[in-house]
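Numbering of the first sequence is given in this note's numbering, commencing with residue 170 and proceeding in unit increments.
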Amino acid sequence: MVDFKAIEEKWQNKWLEEKVFEPQMDEKVPKFYITVAFPYLSGHLHVGHARTYTIPDVIARFKRMQGYNVLFPMAWHITGSPIVGIAERIKHRDPQTVYLYRDVYKVPEEILWSFEDPINIVKYFMKTARETFIRAGFSVDWSREFHTTSLFPPFSKFIEWQFLRLKEKGLVVKGTHYVRWDPIVGTPLGDHDLIEGEDVQILDYVLIKFILEENGEVAYLPAATLRPETVYGVTNMWLNPEAVYVRAKVKNGGREEIWIISKEAAYKLSFQDKEIEILEEFKGEKLIGKWIKNPVTEDEIIILPADFVDPDNATGVVMSVPAHAPFDHAALEDIKKNTDLLVKYDIDPRIVENITYISLIELEGYGEFPAVDESGKLGVESQKDVEKLEQATKNIYKAEYHRGVFKIEPYKGKPVSEVKDLVAKDMAKKGITDRMYEFSDKNVISRFGNRAVVKIIHDQWFIDYGNPEWKEKAKEALANMKIFPESRRTQFEAILEWLDKKACARKVGLGTPLPWDPEWVIESLSDSTIYMAYYTISRAINKYGIKGEQLVPEVFDYLFLEEKSETREEELSEKTGIPKEVLREMKEEFEYWYPLDWRCSAKDLIPNHLTFFIFNHVAIFRKEHWPRGIAVNGFGTLEGAKMSKSKGNVLNFIDAIEENGADVVRLYIMSLAEHDSDFDWKRAEVGKLRKQIERFYELISEFAQYEENDVELMDIDKWLLHRVNKAIKGATEALEEFRTRTAVQWAFYSILNDLRWYMRRTEGRDDEAKRLTLRKLADIWVRLMAPFTPHICEELWERLGGEGFISLAKWPEPVEEWWNETIELEEDYIKNLIDDIKEIIKVAKLEDAKRAYIYTAEEWEWKVARVVAEKRDFKASMGEVMKDPEMRKRGKDVSKLIQRLIKDRAFDFKRIDEEKALTQAKEFIESEIGLEIIINPDEDKGGKKRQAMPMKPAVYIE
RNA sequence: GCGGGGGUUGCCGAGCUUGGUCAAAGGCGGUGGACUCAAGAUCCACUCCCGUAGGGGUUCGAGGGUUCAAAUCCCUCCCCCCGCACCA
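Take a look at the structure:
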């Protein structure tokens, strides 16, 4: 068995020792700069991540072999709160966390407990990640390694510079923002902080303040709605008579008002910019029967009782729009039937009886009152039919929103989707509305076990991705970028359009403090947008030990934004103590490597990081330094199941390498899927691939012993070389587009299969020509495989006597004189014939046949085929052919042949020498089918001869 | 709700942008065979249905349509996956 591990270690050491992947600037050599989103190190990388990092490595290796000066750097992301959270949980001996780190990540016990300090987590996983990448054979320039946050001051200074410049441009702004909030612990709640309710939405209710005037005092009943436009159709108000409401003094900014809302709402609103002082608590029934005023229409409406009103949703005050809201319609019907109830509240039943529905929206397929129609259609009986009513509400909402036309002035004739926003705006302007954020579902529970609320946060720092000029520039950049796969471009465009203010700083976690407001730490998606530029100067910073405090903003200005200038270098050198030669070196490196050619990442980063990456580049850098391309890749599953840390269902990248060897893992992952589709890791398949790679190794080792003596090749040898040419072309084209799976199919499987056929075809042959052919193939094959399985290929390259590292060897190009489509056609011709004969034997049950007579097409038939290929039409072909008197003699046969050719659409005319091909392959065909072959005998056996067509010989078997 | 992407032969997965050469690549699985004492590995054949001469029939989520011709173009519908932010 091949000792992959030893081979891998050997070459990894050589690469590092000889700094093979630490490129030096060279203006004469074209550069190729590729990066991948650095990993966040809260644990080990798994085989899903492996894909993300292997792709750029394969591309880097490919480009390097094509002669580019390739930079492929790596760094570590440790910004944010998860690592801090882990330290916290380790400290508290949280069983799940301990399980994950001890049993899944296999952290040694003595190190594990040091994880109480987040720094130790970071240190440990940076070390292991580096080891993993080295053992994976990644061609990384480690001289540029760094990590984020204030723990690495030079980078932190770079981020400070970025934010200072963004702020100067007005792209970092302060504002308010709502968050999920734990009201007991007093902290914002991210997805990971929730036990329940991760995907509960936050709804933005409009509160329309209906006016209650009593004894000269005004109080407001803020009805909560998601459909503000329906304020024109309100017929009454709903309160839940059993629920507890409060009368409260509500201070909001400078304004102070009396509101009547549910008790729950008062509590919730106290987190949303409102100071609330409860004056009185009472049951809803107290207000039933009172009259209030619609602030928009000024209609006087009555307050009625309804069970469906949930005091724990929004304000607990609901306006009734029975024409367009099924719940309202049902409740109204209920109450009309329930005179007792009305009497109880001292309401004259005639008032309810006389409530007339107000139709607001024209909706095709519905009558005047869509809610009534829909409720009827779904068989709603009462307001207790909650499920049906919810369905009806959904249907109506959707239909009216998308297809409805508003009927009321001043919005008459406009689509509802537009009117909704207009009405909301107009009401807000008049000060008759307010807003309230509420969860779409009540069950949002924090990991502390508390029910969450929506809180409005002040003084939050945002990056303003909504800025229209900025957006335009970002769009321009995107339009000029390559996106792989191209089908993802629409998503980028949509996200770009979408994006608005994005909170960019938090008060917890590791990171770089905001330079002008150091209580805030720049969060992780915001400090990782332009670090590709930092890589270009990182080598010098590491090499010369430049300190953070030396990297004042002007230095970055000079390096990244300004023209090269000696005076400026002297100036800055004096100011910072950085030698001017070093400044010059950094400046030149940046100018040499930038712009970035490719940014790689998994597809989950499209809506955030990758888009931010574009935005921040266009904000900071000159156009010539805008990025050129993005390649996104899919994820990986493990034996069909999603990898999940908490369930322990993960395969660590390092463990996979340990088990199978890096080359096997790399090739396997690259061969499974490409672009944004996902792969599924199956242990059994990996094992099989390992065997195939061993065979590859053995084959090349074998061929390496052959000498290259110049001799005349046989056709089948030429066939193989032609196929090798095709593989080179296919693999190259695929890799140019990051299509790794297709590339592997060409570089590995297609050659493997062709070789198999060749061996079968040349069985028994052992001559110079065959050896020469195989030797040539070996020489190319290893190079085609080198980006995928670099270690084993280095080893084989050495055996083949190749010069230097295969990692730096020349990528193969098709050999012009090897192209030979005719020979390939002839080979196909032979294969097809064999298949046909086998088919005939099977179908005609001729198992004990002795020989096969083969009749090739005659010259006149080729002539006809040529004409048909050109004319592609029966009449035209016939006319052309019949100009020839010789052809006219066999008119009937000609006509038949033309008919068949046209039916088979044999329009791709290529002439081959059928008889020659047959003669050369005679023995092979005989051994394959076990019959004697007689080629073109004089006698027309079985009258089959006239069935022959070009590329399809006639066969008679006896 | 908004946005993005999909539904292909047992499974995975190409092909659909530039209609025909597509019963539809490749892999996996399955069946049979060669090799072997045997197993594994490897190699060969078959793997939608029918067929005593290389042929024919029915397929590419459903239903329409365009066309001489549609997995591929157009319309309608059904179903599935992913993202929606302060979180890496």
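Note that CB positions come from ideal geometry on N, CA and C, so glycine has one too. Keep in mind that this is a model prediction, so the values were computed, not measured.
Evaluate the contact criterion for the stretch 749-756 versus the stretch 704-712: three or more CB pairs, one atom per stretch, below 8 Å. yes
Identify, in the order they occur along the chain, each residue of the same chain with its Cβ nearer than 8 Å to the Cβ of Glu1095, setting aside the five sequence neighbours on each side. Glu1101 and Ile1102
Which two residues bound the contiguous alpha helix (DSSP H) that contains Ala621? Per DSSP, Ala621 belongs to no alpha helix (DSSP H) and is neither H nor E.
Leu240 - partner residues in DSSP beta bridges: Tyr202
In three-state terms, what does DSSP make of Leu683? strand
Would you call His218 buried or exposed, if buried means 16 or more other Cβ atoms sit within 10 Å of its Cβ? buried
Whose C-alpha, out of Thr221, Asn238, Phe207 and Arg424, is nearest the C-alpha of Lys200? Asn238
Determine the burial state of Lys599: buried for a count of at least 16 other Cβ atoms within 10 Å of its Cβ, exposed for fewer. exposed
For the stretch 648-657 against the stretch 371-380, are there 3 or more C-beta pairs whose distance is under 8 Å? no
With distances taken from CA atoms, which of Leu807, Ile885 and His786 is nearest Arg797? His786
Asn564 lies in the alpha helix (DSSP H); which residues open and close that run? Val555 to Arg572
How would you label His261, buried or exposed, when you count the other beta carbons within 10 angstroms and need 16 or more for buried? exposed
Assigned exposure category for Leu728 - 16 Cβ within 10 Å defines buried: buried
Closest by C-alpha distance to Thr484, when choosing among Gly453, Lys506, Glu279 and Met839: Gly453
Boundaries (first-last residue) of the beta strand (DSSP E) holding Trp888: Where Trp888 is concerned, there is no enclosing beta strand (DSSP E), although the alpha helix (DSSP H) it sits in stretches over Asp884 to Glu905.
Helix, strand or coil for Asp603, going by three-state DSSP, please let me know. strand
Is Phe957 helix, strand or coil by DSSP? coil
When burial is assigned at 16 or more other CB atoms within 10 Å of the CB, is Ser813 buried or exposed? exposed
Relative to the alpha-carbon of Val833, which residue among Arg908, Phe804, Val913 and Ser693 has its alpha-carbon at the smallest distance? Val913
Considering just the uninterrupted stretch of the alpha helix (DSSP H) at Gly856, what are its terminal residues? Arg852 to Ala873
Three or more C-beta pairs under 8 Å: does that hold for the stretch 983-991 against the stretch 204-217? no
Quick check on Glu739: does DSSP put it in helix, strand or coil? helix
Roughly how many whole angstroms lie between the Cα atoms of Tyr580 and Glu467? 18 Å
Assign Ile461 to one of three DSSP states: helix, strand, or coil. strand
Tell me the rounded alpha-carbon separation between Ser695 and Phe782. 9 Å
Decide if the stretch 356-367 is in contact with the stretch 605-619; the criterion is three or more beta carbon pairs, one per stretch, under 8 Å apart. yes
With the cut-off set at 8 Å, would you say Ser697 and His246 are in Cβ contact? yes
Using DSSP with H/G/I as helix, E/B as strand and the rest coil, what is Ala417? strand
Identify every run of the alpha helix (DSSP H) within the stretch 974-1016, keeping only runs that are complete inside it and at least 4 residues long; order them along the chain. 990-1012
Could you say which of Ile789, Val622, Trp685 and Ala1090 lies nearest to Phe440 if we only look at CA atoms? Val622
Are Leu1161 and Glu578 close, meaning C-beta to C-beta below 8 Å? Missing from the structure shown is residue 1161; the chain here goes from 170 to 1127 and no further.
If you follow the beta strand (DSSP E) that Glu386 is part of, which residue opens it and which one closes it? Glu386 to Thr394
With distances taken Cα to Cα, identify the nearest neighbour of Gly359 among Ile255, Tyr1022, Val574 and Pro251. Pro251
Residue interval of the beta strand (DSSP E) (run including His246): Careful: His246 lies outside any beta strand (DSSP E) and carries neither H nor E.
Once DSSP output is grouped into helix, strand and coil, what is the label at Trp767? strand
Local Cβ density within 10 Å of Ile430, reported as buried at 16 or more and exposed below that: buried
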